[in-house]
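Undergrad: Residue numbers (this note's numbering), protein chains in the order written: chain A, 1 to 567; chain B, 568 to 922.
Input: one structure, supplied below.
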Amino acid sequence: MTIYGEKRQGADTVLIAGVAIIVAMLSIVPMLRLAFEIIMPQGNLSAAPLRTALSGSATWTATLHSLQVGIGGTLLAVILGTAVALLVSLTNVRGRSTFVLLYVVPLLIAPQVTALAWLQLFGPASPFLKLIGMAPALGSKNPLYSTTGIITLLGVQYGPLVFLMVRAGLRKLPRELVEAALSSGASRLTVLRTIILPLMTPSIIGATALAFVSCVGNFGIPAFLGIPAGYLVLPTLIYQRLAGGGPAVLSEVAVLSMLIGLIAMAGILAQDYTSRRRDYRIASTSLPASPFELGRWRPLAEVAMWLLIIIVLVLPIVGLFLTSLVAAYGVPLSMKTVTLANYAFVLFDHAAAKRAFFNSFGLSIAAAAFAVFVAVPLGYLITWRKRWWTRFLNLSAELPYALPGVVLAIASLLLFLKPLPIIGLQIYNTIWIILYAYLARFLVLALRPTISGLQQIDRSLEEAAQVAGAGLIRRMRTIIFPLVAPATLAGGVLIFMTAFSELTVSALLWASGSETIGVVIFSFEQGGDSNYAAAISTLTIVVIFALMLLTNLFARSLPNGVLPWRD
Amino acid sequence: MAGLKIENVTKTFGDYDALSNVSLDVANGEFIAVLGPSGCGKTTLLRLVAGFEQVNKGTITVGGKVMSDPKMNVPPEQRRVGIVFQNYALWPHMSVSENVGYSLKVAKVDKAEREQRIRQALELVDLQGYGDRRPANLSGGQRQRVALARCLVSTPSLVLFDEPLANLDVHLRASMEDEFASFHKRTGTTIIYITHDQAEAMALADRIAVMDKGHLVQFATPRELYEQPATPMVASFIAQGMVLPAKVLTAEVNGQCKVDILGQEAIFRCRTGQAVTGDAKVCIRSADIVPAENDGIEVRVKRSVYRGGGSRIEAVAADETQELHFDLADPKRLAEGETTHIAITSGWVIPEANV
Chain A
1 MTIYGEKRQG
11 ADTVLIAGVA
21 IIVAMLSIVP
31 MLRLAFEIIM
41 PQGNLSAAPL
51 RTALSGSATW
61 TATLHSLQVG
71 IGGTLLAVIL
81 GTAVALLVSL
91 TNVRGRSTFV
101 LLYVVPLLIA
111 PQVTALAWLQ
121 LFGPASPFLK
131 LIGMAPALGS
141 KNPLYSTTGI
151 ITLLGVQYGP
161 LVFLMVRAGL
171 RKLPRELVEA
181 ALSSGASRLT
191 VLRTIILPLM
201 TPSIIGATAL
211 AFVSCVGNFG
221 IPAFLGIPAG
231 YLVLPTLIYQ
241 RLAGGGPAVL
251 SEVAVLSMLI
261 GLIAMAGILA
271 QDYTSRRRDY
281 RIASTSLPAS
291 PFELGRWRPL
301 AEVAMWLLII
311 IVLVLPIVGL
321 FLTSLVAAYG
331 VPLSMKTVTL
341 ANYAFVLFDH
351 AAAKRAFFNS
361 FGLSIAAAAF
371 AVFVAVPLGY
381 LITWRKRWWT
391 RFLNLSAELP
401 YALPGVVLAI
411 ASLLLFLKPL
421 PIIGLQIYNT
431 IWIILYAYLA
441 RFLVLALRPT
451 ISGLQQIDRS
461 LEEAAQVAGA
471 GLIRRMRTII
481 FPLVAPATLA
491 GGVLIFMTAF
501 SELTVSALLW
511 ASGSETIGVV
521 IFSFEQGGDS
531 NYAAAISTLT
541 IVVIFALMLL
551 TNLFARSLPN
561 GVLPWRD
Chain B
568 MAGLKIENVT
578 KTFGDYDALS
588 NVSLDVANGE
598 FIAVLGPSGC
608 GKTTLLRLVA
618 GFEQVNKGTI
628 TVGGKVMSDP
638 KMNVPPEQRR
648 VGIVFQNYAL
658 WPHMSVSENV
668 GYSLKVAKVD
678 KAEREQRIRQ
688 ALELVDLQGY
698 GDRRPANLSG
708 GQRQRVALAR
718 CLVSTPSLVL
728 FDEPLANLDV
738 HLRASMEDEF
748 ASFHKRTGTT
758 IIYITHDQAE
768 AMALADRIAV
778 MDKGHLVQFA
788 TPRELYEQPA
798 TPMVASFIAQ
808 GMVLPAKVLT
818 AEVNGQCKVD
828 ILGQEAIFRC
838 RTGQAVTGDA
848 KVCIRSADIV
858 PAENDGIEVR
868 VKRSVYRGGG
878 SRIEAVAADE
888 TQELHFDLAD
898 PKRLAEGETT
908 HIAITSGWVI
918 PEANV
């Protein structure tokens with residue numbers, strides 16, 4: 001009756017090496033390639049591209065614009081998101097979970113879809129404004145084609161991001177701290193000012209940095225709102241340069257992408273600084289503070305809440321939907337003009353659009369599946385096998401997502417412009433280069449929930465399996481994966497949603513045959529076919545909302561905070 | 568089953584010494600408790616024996632086979648050491664049977680034998696018929712027993728208990744203590760039982776290793792620890808002994824010597840070879856203190872706590888620094904602030920007074 005443990009001494013090494021190589025291939029290698037291009041453009045030591053890029057006035061105008069909309073959008077997002085988080089978390093407003101579900105939707109809708117929806121809502125051709133008889137004269141300028149328009153939409157898009165982070169912070173606020181202050185005689189406003197907000201500073205600062213990085217790196221909103229107005233930010237400048245000059249200008253746009261990377265890096269460093277001072281583990285089992293009674297102000301607060309939902313979500317989507325139902329630009333919507341022809345066209349007639357659905361679906365599924373399978377061993381190393389280098393591994397996995405998508409896209413272009421060495425495979429101008437970029441960019445979306453899941457699981461569960469004789473591979477399969485799978489899979493769903501209508505990366509990497517949904521929406525809109533763009537956008541919103549509701553069904557088995565839209 | 572030999576083991580984390588030069592020799596089938604306040608290094612010791620941490624110095628031998636030394640570490644999965652974790656560590660995604668049978672499955676034991684051994688293990692902990700339940704649907708005591716069965720089923724050479732009763736309520740603790748004792752009797756397994764509760768350790772263990780600040784302070788039977796504590800720490804940690812300064816007036820004869828304590832002379836027990844010293848420490852139990860007439864030691868009562876059938880008196884000696892406590896049987900009573908006289912009838916001269 002002797003029992004021997006599994007002798008797989010090599011498994012540890014293989015796992016660690018395998019995971020490290022994958023992370024390096026997806027993060028370190030492209031970034032090094034980019035850095036190499038900046039120092040040695042096209043393989044020769046030269047400062048010419050650097051000089052060209054940095055001496056052009058367009059570069060500095062775009063940098064200034066990037067900072068402008070970045071700071072403006074961040075401020076709006078922080079104010080909106082924090083206010084909503086405080087209202088929802090600390091007061092007794094009703095309908096909270098539905099509100100959270102709806103408020104988070106703009107974050108999950110691709111920025112270019114948000115942009116398109118708002119454009120359709122406010123433009124002179126807006127079927128909605130026409131319906132209520134408030135449409136401006138045809139030919140007049142859409143008010144959203146402006147700096148204010150971009151800032152507003154960035155604020156709307158990333159307000160939920162701030163909301164989620166501040167809300168997560170508020171949830172961990174032990175109620176004793178609030179109750180102790182109340183029983184010391186402080187009024188609710190004083191408690192908010194002297195206890196709650198100071199304790200929330202790490203969350204708010206972290207959220208601010210994240211919102212800033214997202215705003216600065218955003219491509220969809222300034223592309224739809226800025227390009228027509230001649231207002232370029234760095235990502236759209238890079239896109240235009242590359243679209244006009246092709247691979248010849250790669251060295252120059254590499255410098256531009258470094259510039260945007262540096263701006264974003266400032267935000268990342270700030271965020272890393274604050275998150276290091278925070279322990280993500282649930283320290284106390286205390287219940288959240290009991291909500292403040294709003295009394296007679298409650299109906300007012302609730303009206304404001306739902307008004308916000310109507311403004312940031314319902315109206316734009318209605319505008320988008322109505323546009324998708326009219327036959328042509330500017331046609332007013334009536335029972336006579338309403339048509340599903342746009343849907344039929346993009347689903348069945350337009351070859352590129354048909355391909356795009358197929359491509360985006362495949363890319364999203366592949367990126368999600370890959371991330372799920374890499375995230376579990378990677379998360380395991382980072383949380384339960386802490387060494388000096390696992391933190392580095394974590395940062396490396398974060399990098400391709402934290403940096404603006406444009407940076408990763410340029411790095412991928414540089415990496416794969418020439419056929420792969422040795423095997424001679426050419427993936428430039430194919431769908432595979434987009435897949436590579438997606439794998440790199442979205443891995444962290446599955447890694448983060450995995451890490452937070454693992455942190456909530458007692459490690460003795462693994463140790464118990466270890467003393468029972470199970471080797472690493474078996475423990476991974478029978479203990480760790482089953483325990484953390486719900487969290488990781490939820491991350492996979494998040495990846496699918498994000499990748500499904502992604503534009504920033506694919507706008508720079510696509511070629512004929514490898515169009516994505518995001519690219520097709522962009523092309524239709526640029527070609528003036530807003531109706532087709534609206535039809536596809538509506539379809540993506542339907543897909544995303546259906547996925548949200550579907551995953552909600554399984555939310556019970558998930559650790560808290562894994563599904564952003566679930567309260 | 569096997570003995571465990573820990574020789575000169577040192578474990579450091581950074582520049583913090585979690586364990587310094589600890590040696591323990593545990594015989595086959597012995598029930599050993601490792602006792603100490605939190606942070607004393609007992610959990611580190613357990614993790615070293617299990618193989619989760621690697622020693623910096625020294626060796627750990629199980630059943631004659633070296634498991635750890637500074638150059639080599641047999642991984643936990645190959646040690647055949649069982650652990651009952653403080654929080655049971657039952658896998659929530661598996662049924663009771665799957666939890667118990669996991670190690671057999673890992674060892675590729677065929678299905679029929681596996682099922683039979685799972686059944687036997689569940690019978691042993693009195694959980695027949697619970698095989699299909701999920702851990703979430705069990706009570707605290709039942710989970711504890713599943714954890715026991717899980718660790719038993721693979722016939723480990725050594726079973727480690729990591730504060731297994733810390734999460735249970737008082738009533739359950741007593742019954743689980745009985746359970747552990749009978750478990751040990753039935754299986755004859757060598758057990759290392761980590762705890763910070765001295766009553767638990769005294770009740771269960773053949774021998775107790777008392778640890779403090781990473782050092783092994785004393786390794787002895789419960790009776791010896793109580794009667795002859797080696798250091799002031801052990802004296803005060805075990806059954807709340809009082810540690811008082813005293814003068815040893817005569818050298819040891821037949822295990823006894825004369826001491827001067829609080830100005831009174833008394834005959835105390837002491838170690839063989841105890842020499843005369845003016846700087847000794849003695850250990851006194853409350854039972855060693857009896858009320859005396861006016862010629863005794865004068866003390867002032869600080870607090871009197873009724874304990875049913877008598878009171879526990881906390882008092883301070885005339886010099887206002889030495890605190891004493893003793894039991895006063897009904898119907899006698901003492902009020903707070905009152906002065907009274909006591910005599911110290913017996914005690915133990917602590918051998919290593921200045922540790």
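For every residue, glycine included, the Cβ atom is placed at its ideal position computed from N, Cα and C.
1. Quick one: list the residues of chain B neighbouring I479 (chain A), beta-carbon separation under 7 Å, in chain order.
2. Can you find the residues in the same chain that come closer than 7 Å, C-beta to C-beta, to E919 (chain B), ignoring five residues on each side of it along the sequence?
3. How should A411 (chain A) be labelled, buried or exposed, when 16 other C-beta atoms within 10 angstroms of its C-beta is the threshold for buried?
4. Name, please, each residue of chain A whose Cβ falls closer than 7 Å to the Cβ of A617 (chain B).
5. Spell out whether any CB of chain A is found under 8 Å from the CB atom of P643 (chain B).
6. Could you check the C-alpha separation between A555 (chain A) and L591 (chain B) for me, to the nearest Å?
7. Using a cut-off of 8 Å between C-beta atoms, extract the partners of D349 (chain A) located in chain B.
8. Please identify, using Cβ separations under 9 Å, the residues of the segment 365-380 of chain A that lie next to chain B, in order along the chain.
9. Enumerate, from N- to C-terminal direction, the unbroken beta strand (DSSP E) stretches of 3 or more residues contained entirely within the segment 834-894 of chain B.
10. Look up Y583 (chain B) in the DSSP assignment and give the residues it is bridged to.
11. According to DSSP, which residues form a beta bridge with C824 (chain B)?
12. Do we get a CB-CB distance below 8 Å when we pair G698 (chain B) with the residues of chain A?
13. Residues of chain A with CB under 8 Å from Y669 (chain B), in chain order?
14. Below 7 Å on C-beta distance, what does V673 (chain B) contact in chain A?
15. Using a threshold of 8 Å, state whether the C-beta atoms of V872 (chain B) and R879 (chain B) are closer than that.
16. Using 10 angstroms around the beta-carbon of K578 (chain B), count the other beta-carbons present and answer buried if the total reaches 16, otherwise exposed.
17. Taking D652 (chain B) as the query, report the chain A residues whose CB atoms sit under 8 Å from its CB, ordered along the chain.
18. For a minimum of 4 consecutive residues, which ranges assigned as the alpha helix (DSSP H) are wholly contained in the segment 591-638 of chain B?
19. By the criterion of Cβ-Cβ separation under 8 Å, what are the contact partners of L483 (chain A) in chain B?
20. Considering only the beta carbon of each residue, do Q526 (chain A) and L320 (chain A) sit closer than 8 Å?
21. With a cut-off of 8 Å on the beta carbons, I'd call L574 (chain A) and W118 (chain A) a contact; round off their distance for me.
22. Put D458 (chain A) into one of helix, strand or coil per three-state DSSP.
23. Judging by CA-CA distance, which residue of A:G185, A:P198, A:S146 is the nearest neighbour of G169 (chain A)?
24. Mind checking whether F728 (chain B) and Y697 (chain B) have CB atoms under 8 Å apart?
25. Ignore the nearest five residues each way along the sequence and tell me which others in L182 (chain A)'s own chain have a CB closer than 8 Å to its CB.
26. Looking only at its chain, what residues have a beta carbon closer than 7 Å to the beta carbon of D897 (chain B), apart from the 5 residues adjacent to it on each side?
27. My understanding is that A492 (chain A) touches A446 (chain A), with C-beta atoms under 8 Å, so please give their C-beta distance in whole angstroms.
28. Taking 8 Å as the cut-off, decide whether the C-beta atoms of A264 (chain A) and V233 (chain A) are in contact.
29. Can you tell me where the beta strand (DSSP E) holding P812 (chain B) begins and where it ends?
30. Where does the unbroken alpha helix (DSSP H) through M31 (chain A) begin, and where does it stop?
31. Would you tell me roughly how many angstroms separate the C-alpha atoms of N218 (chain A) and T504 (chain A), rounded to the nearest one?
32. Is DSSP giving A584 (chain A) helix, strand or coil here?
33. Please list the terminal residues of the continuous beta strand (DSSP E) segment that includes R774 (chain B).
34. One question on the structure: do L381 (chain A) and V84 (chain A) come within less than 8 Å of each other, judged by their Cβ atoms?
35. Identify every residue that forms a DSSP beta bridge with E574 (chain B).
36. Given a cut-off of 8 Å on the beta-carbon distance, is the pair V156 (chain A) and P106 (chain A) in contact?
TA: Quick answer:
1. W658
2. Residues A797, T798 of the same chain have their beta carbon placed closer than 7 Å to that of E919 (chain B), with the five preceding and five following residues left out of the count.
3. buried
4. V467
5. yes
6. 50 Å
7. The premise fails here: D349 (chain A) is roughly 49 Å from chain B at the closest Cβ pair, so nothing lies under 8 Å.
8. none
9. 844-851, 856-858, 864-873, 877-884
10. B:F580
11. B:F835
12. no
13. Identification of chain A residues near Y669 (chain B) by a Cβ-Cβ cut-off of 8 Å yields A465, A468, A470, T478, ordered along the chain.
14. E6, A468, G469, A470, R474
15. yes
16. Buried is the call here.
17. Note that residue 652 (chain B) corresponds to Phe in the displayed sequence, not to Asp. S460, E463, A464, listed in chain order.
18. Residue ranges of uninterrupted alpha helix (DSSP H) with 4 or more members, entirely inside the segment 591-638 of chain B and ordered along the chain, are 609-617.
19. Residues of chain B passing the Cβ test: W658, P659, H660.
20. no
21. Any question about residue 574 (chain A) goes unanswered here, given that chain A covers just 1 to 567.
22. In the three-state DSSP reduction, D458 (chain A) falls in the coil class, being neither helix nor strand.
23. A:P198
24. no
25. R188, V191
26. G876, G877
27. Inspection of the sequence shows that residue 492 (chain A) is occupied by Gly rather than by Ala. Confirmed, about 6 Å.
28. no
29. Per DSSP, P812 (chain B) is one residue of the beta strand (DSSP E) stretching across 809-815.
30. 29-39
31. 7 Å
32. Chain A is shown only over 1 to 567; residue 584 (chain A) falls outside these bounds and no answer can be derived.
33. Residues 774-779.
34. Cβ atoms of L381 (chain A) and V84 (chain A): not closer than 8 Å.
35. According to the DSSP secondary-structure assignment, E574 (chain B) is paired through a beta bridge with B:T626.
36. At the C-beta level, V156 (chain A) and P106 (chain A) come within 8 Å of one another.
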